[in-house]
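Just below is one structure, and these are the notes that go with it.
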Amino acid sequence: MLDFLGDLRRTHMCGALRAAEADKQAVLMGWVNRRRDFGNLLFVDVRDRTGITQIVFDKDSNAAMHAKAGDLRNEYVIAVIGTVKKRDAATINKNIPTGEVELIANDLRILNESKQPPFLPGDKDLPNEEVRLKYRYLDLRRDAMQRNIELRHKIALVIREYLSSQAFFEIETPFMTRSTPEGARDYLVPSRVQPGTFYALPQSPQLFKQILMISGFDRYFQIVRCFRDEDLRADRQPEFTQIDLEMTYPQPERVWEVVEGFLQAAFRSAGHDIRTRFPRMSYDEAIRLYGSDKPEMRLPPMTDVREVFSAADLEKFGVHRVLPLLAIRTPKVGKVSRKEKDENKELFGSHAEFNLLDIERIEKSMPEAADQLKGLAEANPDDLIAIVGAKLDSAVSLAGLCKVAGAYRLRLGDKYHEKHGAFNRTGDPSTDFRFLWVTDFPMFEWDKDEKRWNPAHHPFTSLHEEDMAKLEANIDSVHEADSPLGEIRALAYDVVLNGTELGSGSIRIHRQDIQQKIFKSLGMTEDEARQRFGFFLEALEYGTPPHGGIALGLDRIVMILAEADSLREVIPFPKTARAVDLMVDAPTPVSEAQLKELGIQVKK
RNA sequence: GGGGACGUAGUUCAGUUGGUUAGAACGCUGCCCUGUCACGGCAGAGGCCGCGGGUUCGAGUCCCGUCGUCCCCGCCA
61 MLDFLGDLRR THMCGALRAA EADKQAVLMG WVNRRRDFGN LLFVDVRDRT
111 GITQIVFDKD SNAAMHAKAG DLRNEYVIAV IGTVKKRDAA TINKNIPTGE
161 VELIANDLRI LNESKQPPFL PGDKDLPNEE VRLKYRYLDL RRDAMQRNIE
211 LRHKIALVIR EYLSSQAFFE IETPFMTRST PEGARDYLVP SRVQPGTFYA
261 LPQSPQLFKQ ILMISGFDRY FQIVRCFRDE DLRADRQPEF TQIDLEMTYP
311 QPERVWEVVE GFLQAAFRSA GHDIRTRFPR MSYDEAIRLY GSDKPEMRLP
361 PMTDVREVFS AADLEKFGVH RVLPLLAIRT PKVGKVSRKE KDENKELFGS
411 HAEFNLLDIE RIEKSMPEAA DQLKGLAEAN PDDLIAIVGA KLDSAVSLAG
461 LCKVAGAYRL RLGDKYHEKH GAFNRTGDPS TDFRFLWVTD FPMFEWDKDE
511 KRWNPAHHPF TSLHEEDMAK LEANIDSVHE ADSPLGEIRA LAYDVVLNGT
561 ELGSGSIRIH RQDIQQKIFK SLGMTEDEAR QRFGFFLEAL EYGTPPHGGI
611 ALGLDRIVMI LAEADSLREV IPFPKTARAV DLMVDAPTPV SEAQLKELGI
661 QVKK
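Going by my numbering, the first sequence opens with residue 61, and the numbers climb by one from there.
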C-alpha cells in the first residue's frame, strides 16, 4: 500500500521552486497541506518548513497516478516526481512565493498516512493551548511555530558567532551539581550511588563560570539551560535558556560593550538595526522616575508631585489623590477632556491638566497596590500626605511609593497609554526597542519577613570601592532595618528592553578578604560560609583575577523579536502553568523499585 | 498558597428567565465537478455538555465539590 523511499532523492524544498526552474524535473517531499479535488483534475499543496508548492494531477495525462492521488488526505507524507511548469498568467497565485509555478506530477509515492489530526497546521483558528501542547508535534508544523523556532536558531547562531569572534570560548558546565546560591528553589536529582544525597540542577552556572575565570580561560560563554523550581508565568518557565558569559579584568562598561555587540547582531539577524550604546540609568533614578527597576522607556518618566504641588495643596487634595497623580500624570502626556478639566479645576485649580483617578479605581484595578498604600500610611503615623509632601527624606518610603505608582501606571495597560498618547513611539519598530542599562543596584535588600538584610543579587557581587567604608562600619547590622547597609551600591547591572528585564550581571568579588566581609555582614560565620561555599572560597585564594559577567534570557529575547506574548511560543516543548509537559505527560510517579534503589520513600 | 477567566461534536464557538429531539462553521465520510489555491455543489456521520454530588417534576443552564488550561499576586533575576 505505502511506498518506500528507496533511493529517491529530494531535489528542492517545497518553498524553493521559481519560474527560473520551469521545464526542469523536480522531486519534492513533504506533507499534504490541502487538496482541491475537481474530479478529473486534482491539486495538492505539499508542505515542508520552507513553504508549499502546488502539485497537479491530471486524469487525461496520467490516469493511474490521478487515481492514486485521490487517496491522499491531509498530513499524508508524499514524494512527488514531476516537471516544473510555469503557470499561465491567469492562474498565478501571488500569495505564495512558489505561486508562479506548479509541479506536474509524473510519479507519486505515498510514504506515510496520517490519522485525522485534531487540528490542521494550516487552520486559521488556533485550537486552545491544551490541545496544542498535547499534540505539540502538530502544533510545531504550523508556519508561525516554524518561523519562531527558526528565529531562535538564527539568534543563537549569531550570538555564538559574535562571542566567538570576541575571543569567548563556549564551555560546558555540569547539569548535575550542587545548588548555587541564587534565590530560587532547586530541582533536585537523587543520587543512587550515595543514597540520601542529591544533586541540584543549576539555576545558573554562576560559580562554575567564575571558576573558569580562575582557571585562566579569560572569556567564557555558554548558551545554557537553567532550572528554577518556582511558579510559572507567561514569561517564566521552569527550564529556560540563558546566554551566560564571564570575562576577566572588566569594568562594567566592558561587559556592556560585549552585550550590546551581540544584541545588535541578534536583532540584525531578525531584521532590526538597533543603535548602541544603550542609555544608562542608576537603580535609584529608575525607581524615582519609573517606579521600577526595569523601566518601560517608551513611557515618559513620572512626575514627582512635590515639584508641582505645595504641601498645603497636597493636604487639600486628600490622601488618596496623590498616588495616582504621581503615577500617571506626566506633563505634556495625554489629553484631558474638557469635562475632566472642569472637574479637576475644583480640586487642582491651575493644575487642571492633571488627570484625576481616585482610590476606588485603584482598588478595583489593583487591590494589592491599594493594600500597599494603606500599609505605607499605617507605617507612618502621619498620613500619606505627610510622606509625599513633607517627610520624603526616608528613602524607603519614597522608593516604596514610587514602586506602587509605577506598578499602577503599568497596570493601566498599553491600550490606556496608547489612547492617551503616552507611548513615545517613533513609528519605526527598530527605534522602538528602547534598551537601557540599569546600574548601581543596591547590594542588600531588607527582608521584612525574616527581618534581615539579604543580598539583592547574590553574595559574590562586588560593591563600589567608595562604599567599602560603609560596609566595614556596619558589618554587624544585618538585623537593623535602618542600617546604612541599604545604601551600599553594588557593581551590578541589568539590561532592560521596553520594560522587560533581559539580563542581569555584575562584577564579582575576586578577593577573599572582601568576600569574607560580605559573608560577615550577612551574619554568616566563617564556619557557615566554609560549609556552604568552601570549594569556592578556597578557589578564590589561589590567584583569582578580577572578573565579571552577565546572563541574558534567550527565550525572552526571541519572544520579543517574534512578537509573541508567551515564552511557550518560542520554546519547542514548554510546560504548563503547573509545570506539566502535556505531550509526554511528565512528571509521573515512578516504580517502587526505582524509589527503593534511590533510598527514597514517598509520603502517601 | 491566594484571586480571576474558561471547559458543549475532531477543532473553534453559539446555546434565551431551568422546559420537548443540544446548533453553526471548519474538519471528517460518500457522490458530482478540468484551473483551484480558505475551490464549489449535494448527501451523511459525529455529543459522558470536563468529572462527581446536590436542588428541581425537569439541569448544558442553578448550587457545592473536584480535575484541567490560561492570566495575575505571592514566589522568582
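C-beta atoms are modelled at their ideal positions from N, C-alpha and C, and glycine is treated no differently.
To the nearest whole angstrom, what separates the beta carbons of L163 and I115, a pair I think is in contact under 8 Å?
-> Taking the first residue of the first sequence as 1, we reach residue 163 at position 103. Taking the first residue of the first sequence as 1, we reach residue 115 at position 55. At roughly 5 Å, the Cβ-Cβ gap stays under 8 Å, so L163 and I115 are in contact.
With contact counted as at least three CB pairs below 8 Å, one residue from each stretch, are the segment 301-317 and the segment 598-608 in contact?
-> Contact holds: three or more Cβ-Cβ distances are below 8 Å.
8 Å Cβ cutoff met for V318 and V555 | In the first sequence, residue 318 corresponds to position 258, counting from 1. In the first sequence, residue 555 corresponds to position 495, counting from 1. At the C-beta level, V318 and V555 stay beyond 8 Å of one another.
Please classify I308: is it buried, with 16 or more other beta-carbons within 10 angstroms of its beta-carbon, or exposed?
-> In the first sequence, the residue the question calls residue 308 occupies position 248. Sequence inspection shows Thr at residue 308; the Ile mentioned does not correspond to that position. Buried, since its Cβ has 16 or more Cβ neighbours within 10 Å.
Presumed contact (8 Å Cβ cut-off) between V87 and R95, rounded CB distance | In the first sequence, the residue the question calls residue 87 occupies position 27. In the first sequence, the residue the question calls residue 95 occupies position 35. Wrong, their Cβ atoms sit about 19 Å apart, outside the cutoff.
Is it right to say M125 is buried, meaning 16 or more other beta carbons lie within 10 angstroms of its own, or is it exposed?
-> As a working mapping, residue 125 is identified with position 65 in the first sequence. It is buried - the Cβ of M125 has at least 16 other Cβ atoms within 10 Å.
Do the CB positions of L200 and A139 come within less than 8 Å of each other?
-> Within the first sequence, the letter at position 140 stands for residue 200. Within the first sequence, the letter at position 79 stands for residue 139. Going by C-beta atoms, L200 is not nearer than 8 Å to A139.
Keeping to the same chain, check which residues put their C-beta closer than 6 Å to that of G159; ignore five residues upstream and five downstream.
-> Translated into the one-based positions of the first sequence, residue 159 becomes position 99. For G159, same chain residues with a beta-carbon under 6 Å away, outside a window of 5 residues either side, are I152 and N153 in chain order.
How far does the alpha helix (DSSP H) with Q661 in it reach, from first residue to last?
-> Locating residue 661 in the first sequence gives position 601, where the first residue counts as 1. Premise fails: Q661 is in no alpha helix (DSSP H) and is neither H nor E.
Any idea what DSSP makes of L101, helix, strand or coil?
-> Numbered from its first residue, the first sequence carries residue 101 at position 41. When DSSP states are grouped into helix, strand and coil, L101 belongs to the strand group.
Enumerate, from N- to C-terminal direction, the unbroken alpha helix (DSSP H) stretches of 4 or more residues contained entirely within the segment 553-582.
-> Counting whole runs of 4 or more residues, the segment 553-582 contains the alpha helix (DSSP H) stretches 572-581.
Helix, strand or coil at H72 [DSSP, three-state] | As a first step, residue 72 must be located in the first sequence, where it is residue number 12. Of the three classes helix, strand and coil, the one that applies to H72 here is coil, per DSSP.
For I209 and I388, the rounded distance between their alpha carbons | The count along the first sequence starts at 1 and reaches residue 388 at position 328. The count along the first sequence starts at 1 and reaches residue 209 at position 149. Here I388 scores only 40 on pLDDT, less than 50, and its place in the model is too uncertain to base an answer on.
Where A124 falls: helix, strand or coil (DSSP) = To locate residue 124, count along the first sequence from 1; it is residue 64. Correct three-state label for A124: helix.
Just the Cα atoms here: how many angstroms apart are L248 and Q654?
-> For the purposes of this step, residue 248 is taken as residue 188 along the first sequence, with counting starting at 1. For the purposes of this step, residue 654 is taken as residue 594 along the first sequence, with counting starting at 1. The alpha-carbon atoms of L248 and Q654 are separated by roughly 16 Å.
In this structure, what does DSSP give as the bridge partners for Q114?
-> Here residue 114 refers to the residue found at position 54 when the first sequence is read from its first residue. For Q114, the beta-bridge partners assigned by DSSP are D105.
Taking buried to mean at least 16 other C-beta atoms within 10 Å of its own C-beta, is A516 buried or exposed?
-> One-based indexing of the first sequence puts residue 516 at position 456. If you draw a 10 Å sphere on the C-beta of A516, you find 16 or more other C-beta atoms in it, and that means buried.
Return yes when the Cβ of I569 is within less than 8 Å of the Cβ of F520, no when it is not.
-> Taking the first residue of the first sequence as position 1, residue 520 is located at position 460. Taking the first residue of the first sequence as position 1, residue 569 is located at position 509. Cβ atoms of F520 and I569: closer than 8 Å.
Same chain, Cβ closer than 6 Å to Y535, five either side skipped, listed in chain order | Residue mapping note: residue 535 aligns to position 475 of the first sequence, counting from 1. First, the residue type needs correcting, since residue 535 is Ile and not Tyr in the sequence shown. For I535, the CB contacts under 6 Å within the same chain, skipping 5 residues up- and downstream, are K580 and S581 in chain order.
Check the DSSP bridge columns for V161 and list the partner residues they point to.
-> Locating residue 161 in the first sequence gives position 101, where the first residue counts as 1. For V161, which the question treats as bridged, DSSP gives the partners K146.
So, are the CB atoms of R494 and L523 less than 8 Å apart?
-> The sequence position of residue 494 within the first sequence is 434, counting from 1. The sequence position of residue 523 within the first sequence is 463, counting from 1. For R494 and L523, no; Cβs fall outside 8 Å.
Taking Cβ to Cβ, would you say R219 is nearer than 8 Å to L272?
-> Position 159 of the first sequence, counted from the first residue, corresponds to residue 219. Position 212 of the first sequence, counted from the first residue, corresponds to residue 272. The amino acid occupying residue 219 in the given sequence is Ile; Arg does not appear at that position. The answer is no: Cβ separation not under 8 Å.
Where does Q591 sit, in a helix, a strand or coil, going by DSSP?
-> Taking the first residue of the first sequence as 1, we reach residue 591 at position 531. Reduced to three states, the DSSP call for Q591 is helix.
CB E221 to CB S174, shorter than 8 Å?
-> Here residue 221 is taken as the residue at index 161 of the first sequence, counted from 1. Here residue 174 is taken as the residue at index 114 of the first sequence, counted from 1. Their beta carbons are not under 8 Å apart, which means E221 does not touch S174 by this criterion.
Count the other C-beta atoms from every protein chain shown that fall within 10 angstroms of the C-beta of H518, then say buried if there are 16 or more, exposed otherwise.
-> Position 458 of the first sequence, counted from the start, is the residue given in the question as residue 518. Answer is buried; the Cβ neighbour count reaches 16.
Cβ contact check for the segment 294-307 and the segment 266-281: 3 or more pairs under 8 Å | In this structure the segment 294-307 lies against the segment 266-281, because at least three pairs of beta carbons, one per stretch, are closer than 8 Å.
Per DSSP, D641 forms a beta bridge with which residues?
-> Counted from its first residue, the first sequence places residue 641 at position 581. D641 is bridged by DSSP to A646.
What's the gap between the Cα of D63 and the Cα of L168?
-> As a first step, residue 63 must be located in the first sequence, where it is residue number 3. As a first step, residue 168 must be located in the first sequence, where it is residue number 108. Cα to Cα, the separation comes out at about 9 Å.
May I have the straight-line CA-CA distance separating F596 from V498, to the nearest angstrom?
-> Against the first sequence, residue 596 aligns to sequence position 536. Against the first sequence, residue 498 aligns to sequence position 438. Each residue's alpha carbon lies about 28 Å from the other.
Are the Cβ atoms of Y195 and P181 separated by less than 8 Å?
-> Here residue 195 corresponds to residue number 135 of the first sequence, with the count starting at 1. Here residue 181 corresponds to residue number 121 of the first sequence, with the count starting at 1. In this structure, Y195 sits away from P181, with a CB-CB distance that is not shorter than 8 Å.
Along the chain, where does the beta strand (DSSP E) that runs through D507 open and close?
-> Within the first sequence, numbered from 1, the residue matching residue 507 stands at position 447. It spans F504 to D507 - the beta strand (DSSP E) in which D507 sits, taken as one unbroken run.
Output the residue ranges of the alpha helix (DSSP H) runs that lie fully inside the segment 231-311 and measure 4 residues or longer, sorted by chain position.
-> Those alpha helix (DSSP H) runs which fall completely within the segment 231-311 and span 4+ residues are 266-274.
What is the DSSP secondary structure of T181, reduced to helix, strand or coil?
-> Within the first sequence, residue 181 is the residue found at index 121, counting from 1. What sits at residue 181 in the sequence shown is Pro, not Thr. Residue state, collapsed to three classes: coil.
What number of angstroms, rounded off, separates the C-alpha of L359 from the C-alpha of E345?
-> In the first sequence, residue 359 corresponds to position 299, counting from 1. In the first sequence, residue 345 corresponds to position 285, counting from 1. Rounded to whole angstroms, L359 to E345 spans 15 Å at the Cα level.
Compute the Euclidean distance between the alpha carbons of S651 and A260, then round it to the nearest angstrom.
-> Within the first sequence, numbered from 1, the residue matching residue 651 stands at position 591. Within the first sequence, numbered from 1, the residue matching residue 260 stands at position 200. S651 and A260 have their C-alpha atoms spaced approximately 22 Å apart.
Start-to-end residues for the alpha helix (DSSP H) that takes in R340 | Reading the first sequence from its first residue, position 280 is the one you call residue 340. Here R340 belongs to no alpha helix (DSSP H); instead the beta strand (DSSP E) covers R340 to S342.
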